[in-house]
Amino acid sequence: MRPLVYEQTRFSPRVIFDAGNGVFEMEGTLMLEDNKVFFQTINRWWRIYQQSPNPQTKIVCKLNYYTLATDNFLMQWLYVLKDIPNVELIWYYNPDDWEMQEYATTYQSNYSFVKLKEEKVR
């Protein structure tokens, strides 16, 4: 399976989803004008990955900021991830950002595979 890699920009996160090396990371800011295209590509990649996943899948998500419009797309992504066996999503949030913590807590309450970690996110 080919890796999905996006370089970080001012408005989009760095994404590395590499099943062959067991690296699954999303880090940065998510303020795109068109979240739909971004997440369609991500969800398509994960649906293909679902067909033959690694024995363990650990995803690291360090989003320092995203817009309210992005929240719905993140929930759709989590919905896709829920069907992958032995998946764990480590969701980092800044300790001084109550809004991002609130979103993360909502994700965790809806999906047991989401684990929260309080740490400075750049």
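Taking my numbering, I'd label the letters of the sequence shown as residues -7 to 114.
Where a beta carbon is used, it is the ideal one built from N, C-alpha and C, also for glycine.
query: Any idea which residues DSSP pairs Ile82 with across the strands?
result: Val52, Lys107
message: Looking at the ligand ZN, does it come within less than 7 Å of Lys74, judged from the CB to the closest heavy atom?
response: The model on display carries no ligand, and the ligand ZN is accordingly not part of it.
Range covered by the alpha helix (DSSP H) that runs through Met67: 60 to 73
- request: Write down the C-beta distance between Thr31 and Gln0 rounded to the nearest angstrom, noting that I regard them as a contact closer than 8 Å.
  value: As written in the sequence, residue 31 is Phe, which differs from the Thr given in the question. Their Cβ separation, rounded to whole angstroms, is 17 Å, which puts Phe31 and Gln0 out of contact at 8 Å.
query: Skipping 5 residues on each side, what residues in its chain have a beta carbon closer than 7 Å to that of Glu111?
result: Tyr84
- request: In the DSSP assignment, find the unbroken alpha helix (DSSP H) run with Arg36 in it and report its ends.
  value: 27 to 42
field: Helix, strand or coil at Glu(-1) according to DSSP, with G and I counted as helix
entry: coil
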